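Residue numbers (this note's numbering): 225 to 607. Think of the CB as a built atom: it goes at the ideal place given N, C-alpha and C, for glycine as much as any other residue. Here the structure is a predicted model, which is why all the values come from computation and not from measurement. One structure is given here, and the rest of the page talks about it.
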Amino acid sequence: MDRVCAAAVCTVFSVAYSGYFFTQLARHIARAWRESAPWSPKPSTQPPVAACAQEEEAKGEQDAHQAATAATAGPEHAASSSSASLVPPAPAAAAGSEEASSGQAGSSSTSSSCTWSTSSSSGSTEHLPERTEDEWLAMLRMLVSQGDAEAKYTDLESIGKGGFGTVCTAVETATGEEVAIKKISLLQESSKELCVKEIQVMRDHKNSNVVNYIDSFLVHEELWLVMEYMDGGSLYDVIRETRMAEGEIAVVSRECLQGLDFLHSNNVIHRDVKSHNILLSLDGSVKLADFGLAAQLTAEQSKRRSAVGTTYWMAPEIFTRKPYGPKVDIWSFGIVGMEMVEGAPPYLMRSSRTHPFVTSAQPTSSLTPLLMAVQQFMADSRF
Ligand code: 3AM
């Protein structure tokens, strides 16, 4: 049964990976063909759509930067700005700030794994203007709603904790709707940047396989990110408590791959795909969550280089500090497939069992005769 499940997951993984590869290849060929076609409006190294997107991206980046700077200058500027429209969808992150070691202790309950994002000192793939903490805060102020969240939501009950803060269930007073509120402390360095990105990605990429963003507020020193409540818990909980049947693994795989396909077709890389970040509802819906480490690719920045993610799920190109794209999420999802079959990602227990060659070693005292013989040999050879 294990083998059958492993084969099923491997098949899903390889089909997804190769499907992805061939889709990209087909797009690449189609683009090259369009550009070389005699009726092409004018020869260009960029297809027209991409050139347009590039202009908008650059403009958006500038607008956001100006808006952030204006808002930093004083609250009246921020108040006079219409909120979301001033901030472009997920501008590519500043190398220094995105990469700034967030030390975001993963929400992972897997003791030896960690979620991290570290600075990439080399490479030109992520070189954009660095923002200060104040600028990120200004952007955040423009993204969030102005109301009194503590009045808008009642009956808050904590359902879990992560490195970022806590997640609560709550009831929206006006509608009686149950929601989940992720409370993220803004006191930690880089947390404001992660909050900005998480809001932007969730707000701008709504899909039936992505946890639905509802609203956000600044409450004292916290961001309250209000989202749909997923009453079935995380895939991690399911894996930890049960053994999933083949059909269940297949349906979860299909739903997650649909979510990833949606994100990737919008040039978003999740960068922290793992069972903890896949949430379920009792009605059977399966959704990707936790977009704090997500990256928006642009025409100018079609690859990333930051070492970001959670160790056991991380694709080799991230570890080896090579430029990478959306395929890293497919690798991580392959590891999720292995979690669903085997209950844990590969190598989780590796640190407590080393290779038999090493564990069969003699005690260190067994080296003494060897060292004495060497010394004797050296002493003899001196005469
Ligand atoms: O601590 P556990 O793993 O039980 O699944 C998430 C995690 O639960 C849960 O909050 C905990 C800390 O991250 N969680 C996060 N977002 C959620 C949501 N939208 C959620 N649970 C339900 N709905």
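- Under the three-pair Cβ rule at 8 Å, the region 394–409 counts as touching the region 443–463.
- In this structure, Ser-556 lies near Val-497, with their beta-carbon atoms less than 9 Å apart.
- Within a 10 Å sphere around the beta-carbon of Gly-508 sit fewer than 16 other beta-carbons, which makes this residue exposed.
- Ala-513 has its CB nearer than 8 Å to a heavy atom of the ligand 3AM.
- When beta bridges are read from the DSSP output, Gly-457 appears opposite Leu-504.
- By the C-beta criterion, the region 529–546 is judged not to be in contact with the region 455–474, since fewer than 3 inter-stretch pairs fall below 8 Å.
- Taking a 10 Å sphere around the C-beta of Arg-529, we find 16 or more other C-beta atoms and assign the residue as buried.
- Exposure of Ile-383 is indicated by the presence of fewer than 16 other C-beta atoms within 10 angstroms of its C-beta.
- Counted as a single uninterrupted DSSP element, the stretch harbouring Thr-588 is not any alpha helix (DSSP H), since DSSP gives it neither H nor E.
- Taken through DSSP and simplified to helix, strand or coil, Gly-516 comes out as coil.
- DSSP, reduced to helix, strand and coil, places Thr-390 within a strand of the structure shown.
- Each of Gln-600, Met-426 and Ser-589 was checked against the Cα of Val-492, and the nearest Cα belongs to Met-426.
- The region 469–482 makes no contact with the region 518–534; the number of CB pairs closer than 8 Å stays below 3.
- Proximity to Ile-554 across Met-564, Lys-511 and His-494 peaks at His-494, based on C-alpha coordinates.
- Here Met-451 carries a strand assignment [DSSP, helix/strand/coil].
- Looking at the DSSP output, Val-582 shares a beta bridge with no other residue.
- Taking 8 Å as the upper bound for CB-CB distance, Glu-357 and Val-443 are not in contact here, some 19 Å apart.
- The DSSP-derived three-state label of Glu-445 is coil.
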